Structure formats: C-alpha cells, structure tokens
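For the sequence shown, my numbering assigns the number 1409 to the initial residue and increments by one for each residue that follows.
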Amino acid sequence: MDGHVVLGFGFILIGTWHLFNHIKLHALNPTTYNYCNSLWFPILKFKYLELIFIMVSSIIFISLELFISPSHHQPFDPDGSIPITHLLNLEHSFTSMAFFIYASFAIALDLTSSKAQRELTQLLVAIAFAQQLLLIHFHSSGHDGPEGQYHLLAQFLVLVSLATTLIGIGFPKSFLISFWRSVSIMFQGVWLMVMGFMLFTPGLIFKGCFLNHEDGHYMVTCSNEKALQRALSLVNIQFSWFFIGLAVFSVSFYKVLVKYYQDKLAYGRLADDEPNDGIEFQKISVQLVSTP
C-alpha cells in the first residue's frame, strides 16, 4: 500500500502542477502561435525543483520497494538470486527508475542547451510511460479479480499519457494535448492511491472478498463468482466516478484560471493606456521638494 500511495501522491502533484502551468501559459498566450507546451516548469527561483522532486520521489519509492518493505530489507536471497516474493517489488521499482532517468537527463539537456532538447526530453518521458505500461500489463497478467481490473484500467490511463506525449512531439503548440496529458497524469495518481487503499485496507475490501496471502503478497480473493462480478462492477463504477469528477474539476479549473489571468492582462493593458500626467506631476513635485 505504501508504494501505491507514495507514487500516486507524486503523480497528483506533478499532474496538477502541469495543468496549472499549461492553463496559465494558454491564458497569457491565447493564440496557438505563441503557446508552446513544456514537460517541466521552474518553480519560483528554483529552476529544477520539479525535476529534483521527481528524482527524490523515485528514490523514495525504489527504497520502499527494495529495502524497506521486504522482510530482510534487501531484494536478494543469501545466494544472490531473486526470490519470487520480491519480483513484484523489482517490477514496481523499474517504473520509478525510468522516471528518475528522465528527470536527470532533462536537467542535463537543459544545462547543455541542446537544439533537440524539447524533443529528446519528450522522448524520455514517452519511454518512461512505455516502460510503465509494459510493466503494468505483464504485472497485471498474474492478477485475477478486482486487482486485475484495477490494473487494466490503470493501463488505459498510462496509454493516454504515452499517446499525448508522443503526439506532443509533433504538435508542440497544441494546448489540448498538453491539457489532457496533465489530466491523465493526475488521474494516474488518483487511481494509484485508490488502488493502494482499496486493495490493502481490510475495511474497504468489497463484500464477499477478502485479503489472501499468496507468495509473500496480499491479494484480494472473492469467495464466489457472484461476489467477483460484483467487485469488478464496483471497480468500473469507481473509475467512472473519478473520470467524471476529474473532468469536471479540470474544466472548472481551466475556467477559473483563464478568467483570472485574462482579467489580469486586461488590467495591465488599461494601466498602460492611462495618461501618466499625474505620475509625471508627482515626480516633478518630489524633485522640487528635494531641491535645496
């Protein structure tokens, strides 16, 4: 559960941060000619804080999966082999490793001011999403029941993030692509946290299902076919709830931010057009008073 919640929280923060910045850029540059998408944004005076956050979060998640969660606090057997109980932990850690590589190379590419910096950075993110999709797909093939359904729907979200990232390489001025990529990243985080709580909290397990310890891991098992079908339907309903909720939130967030920044732009233009006779009079008055 810890790994899902930590990783999910990171995705929510990054997705929300990207959504805010893309809407802000779009509001300040309403024409597609001036708008250009970006995969990371500087935070105040700390230019690489977002990328450093991704790197630190990835290290924390890898540490949880490989060293903190395992009973022996390391992923290997005494003979150096990988026990079957730790294979899932390794799969999880490789997902974070791909995002760590993206963040570190994004900093390196920005420092060298490469001509293909934007395209290469987007390619690295696409590789990370492709790695995530591949691992979730094969990871979920060994899961039946509610857990498998959660992973199946997670694959859809990762696929949207991957597709919008790849399309964004060829259409860098498309706000809509950046908007939905940000929403899909945020949705990934929400869904990961939902999985973490719903699959590992006994009080939240679906009726007729229970936590079963298999091969060193806890898995949700349903007592009969009726309970299984009910659980699968409830997973789909949960996904639909969050899908609609995030769509409403994202569009509402867009409307609020666009109105705020457009009003700010209009006020700035009005201030520029106002006659400055009063300001000049104040400057002359100050000079006369200060002159002996």
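All residues carry an ideal CB built from backbone N, CA and C; glycine is no exception.
A quick note: this is a predicted structure, and the numbers were derived from the prediction, not measured.
Check your understanding: Using DSSP with H/G/I as helix, E/B as strand and the rest coil, what is Leu-1452?
Key -> Against the sequence shown, residue 1452 aligns to sequence position 44. It is coil, neither helix nor strand.
Check your understanding: What three-state label does DSSP hand Ser-1698 in the structure shown?
Key -> Taking the first residue of the sequence shown as 1, we reach residue 1698 at position 290. Unreliable placement is indicated for Ser-1698, whose pLDDT of 41 sits below 50; the coordinate value is still reported in the next sentence. In the structure shown, Ser-1698 sits in a helix (DSSP, three-state: H, G or I).
**Study point:** Nearest-angstrom Cα separation, counted from Leu-1427 out to Val-1697
**Key:** Here the question's residue 1697 lines up with position 289 in the sequence shown. Here the question's residue 1427 lines up with position 19 in the sequence shown. Here the model assigns Val-1697 a pLDDT of 35, short of 50, so the residue's position is not dependable and the matter cannot be decided.
Check your understanding: Could you give the distance in angstroms between the alpha-carbon of Cys-1630 and the alpha-carbon of Ala-1639?
Key -> Here residue 1630 is taken as the residue at index 222 of the sequence shown, counted from 1. Here residue 1639 is taken as the residue at index 231 of the sequence shown, counted from 1. Distance from the CA atom of Cys-1630 to the CA atom of Ala-1639, rounded to whole angstroms, is 8 Å.
Point to revise | Range covered by the beta strand (DSSP E) that runs through Phe-1608 | key: The sequence position of residue 1608 within the sequence shown is 200, counting from 1. Here Phe-1608 belongs to no beta strand (DSSP E); instead the alpha helix (DSSP H) covers 1583-1608.
Review point. Which stretch, first to last residue, makes up the beta strand (DSSP E) that contains Phe-1618?
Key: For the purposes of this step, residue 1618 is taken as the residue at position 210 of the sequence shown. In the DSSP assignment, Phe-1618 falls within the unbroken beta strand (DSSP E) covering 1617-1622.
Practice item. Could you check if Thr-1520 is buried or exposed, using at least 16 other CB atoms within 10 Å of its CB as the buried criterion? Key: In the sequence shown, residue 1520 corresponds to position 112, counting from 1. That one is exposed.
**Study point:** Inter-residue CB distance, Ala-1534 and Leu-1570 (contact presumed, cutoff 8 Å)
**Key:** Taking the sequence shown and counting its residues from 1, the one referred to as residue 1534 is at position 126. Taking the sequence shown and counting its residues from 1, the one referred to as residue 1570 is at position 162. At roughly 6 Å, the Cβ-Cβ gap stays under 8 Å, so Ala-1534 and Leu-1570 are in contact.
Review point. Cα-Cα, which of Gly-1576, Ile-1462, Val-1598 is closest to Trp-1588?
Key: The residue given as residue 1588 occupies position 180 in the sequence shown. Minimum Cα distance to Trp-1588 is reached at Gly-1576.
**Study point:** Straight-line gap, Asn-1445 to Ile-1645 (C-alpha atoms, nearest Å)
**Key:** Mapped onto the sequence shown, residue 1445 falls at position 37. Mapped onto the sequence shown, residue 1645 falls at position 237. Looking at the two C-alpha atoms, the distance is approximately 33 Å.
Review point. Count the other CB atoms within 10 Å of the CB of Ala-1506; is the residue buried (16 or more) or exposed (fewer)?
Key: Numbered from 1 along the sequence shown, position 98 holds the residue referred to as residue 1506. Ala-1506 is buried by the Cβ-count criterion.
**Study point:** Chain-order list of residues whose beta-carbon lies under 6 Å from that of Ser-1501 (same chain, five-residue window excluded)
**Key:** Sequence index remark: in the sequence shown, residue 1501 carries index 93 (1-based). The residues are Ile-1470, Glu-1473, Leu-1474.
**Study point:** Cβ pair count under 8 Å reaching 3, the stretch 1593-1601 against the stretch 1412-1419
**Key:** The stretch 1593-1601 vs the stretch 1412-1419: in contact.
**Study point:** Sequence-distant residues of its chain with Cβ nearer than 8 Å to Gly-1423 (five each side left out)
**Key:** Sequence index remark: in the sequence shown, residue 1423 carries index 15 (1-based). Only Ser-1590, Val-1591, Ser-1592, Ile-1593, Met-1594, Phe-1595, Gln-1596, Gly-1597 meet the Cβ criterion.
Practice item. Would you mind listing the alpha helix (DSSP H) stretches within the stretch 1494-1537 that are 4+ residues and don't spill past its ends, in chain order? Key: For secondary structure counted as the alpha helix (DSSP H) over 4 or more consecutive residues, the stretch 1494-1537 holds these complete runs in sequence order: 1495-1520.
Check your understanding: So which of Phe-1513, Val-1413, Ser-1489 has the shortest CA-CA distance to Tyr-1456?
Key -> Translated into the one-based positions of the sequence shown, residue 1456 becomes position 48. Considering only Phe-1513, Val-1413, Ser-1489, the residue with the shortest C-alpha distance to Tyr-1456 is Phe-1513.
Exercise for review: With a threshold of 16 other CB atoms inside 10 Å of the CB of Gln-1695, please say whether the residue is buried or exposed.
Suggested key: As a position in the sequence shown, residue 1695 is number 287, starting the count at 1. Reliability of the predicted coordinates at Gln-1695 is poor, the pLDDT of 42 falling under 50, and the value obtained from them is presented with this limitation in mind. It is exposed - the Cβ of Gln-1695 has fewer than 16 other Cβ atoms within 10 Å.
Review point. Trp-1425 to Cys-1617, Cα distance in whole Å?
Key: Here residue 1425 corresponds to residue number 17 of the sequence shown, with the count starting at 1. Here residue 1617 corresponds to residue number 209 of the sequence shown, with the count starting at 1. Taking the straight line from one Cα to the other gives about 37 Å.
Practice item. Sort out for me which residues DSSP pairs Cys-1630 with in a bridge. Key: Sequence index remark: in the sequence shown, residue 1630 carries index 222 (1-based). For Cys-1630, which the question treats as bridged, DSSP gives the partners Cys-1617.
Practice item. Can you tell me which of the three DSSP states Asp-1703 falls into? Key: The structure shown does not extend to residue 1703, since the chain is modelled only from 1409 through 1700, so no value can be given for it.
Review point. Cβ of Leu-1636 within 9 Å of Cβ of Leu-1436?
Key: Here the question's residue 1636 lines up with position 228 in the sequence shown. Here the question's residue 1436 lines up with position 28 in the sequence shown. No, Cβ-Cβ distance for Leu-1636 and Leu-1436 is not below 9 Å.
Practice item. From the DSSP output, in three-state form, read off Ile-1687 for me. Key: On the sequence shown, residue 1687 is found 279 positions in, with the first residue counted as 1. Because Ile-1687 sits at a pLDDT of 40, beneath the cut-off of 50, its placement in the model cannot be relied upon, and the following sentence gives the value as read from the coordinates. Correct three-state label for Ile-1687: helix.
Exercise for review: Report the rounded CA-to-CA distance for Leu-1612 versus Phe-1605, giving the unit in angstroms.
Suggested key: Working through the sequence shown from its first residue, we reach residue 1612 at position 204. Working through the sequence shown from its first residue, we reach residue 1605 at position 197. Each residue's CA atom was taken as its position, placing Leu-1612 and Phe-1605 some 7 Å apart.
Review point. Can you give the Cα-Cα distance for Ile-1544 and His-1412, rounded to whole angstroms?
Key: As a first step, residue 1544 is located in the sequence shown; it is residue number 136 there, counting from the start. As a first step, residue 1412 is located in the sequence shown; it is residue number 4 there, counting from the start. Across the structure, Ile-1544 and His-1412 are spaced so that their CA atoms are roughly 13 Å apart.
Point to revise | Neighbour-count burial assignment, Trp-1649, 16 or more Cβ in a 10 Å radius | key: As a first step, residue 1649 must be located in the sequence shown, where it is residue number 241. Trp-1649 comes out exposed.
**Study point:** Rounded separation between Leu-1496 and Ile-1467 - CA only
**Key:** Taking the sequence shown and counting its residues from 1, one reaches residue 1496 at position 88. Taking the sequence shown and counting its residues from 1, one reaches residue 1467 at position 59. Approximately 17 Å between the Cα atoms of the pair.
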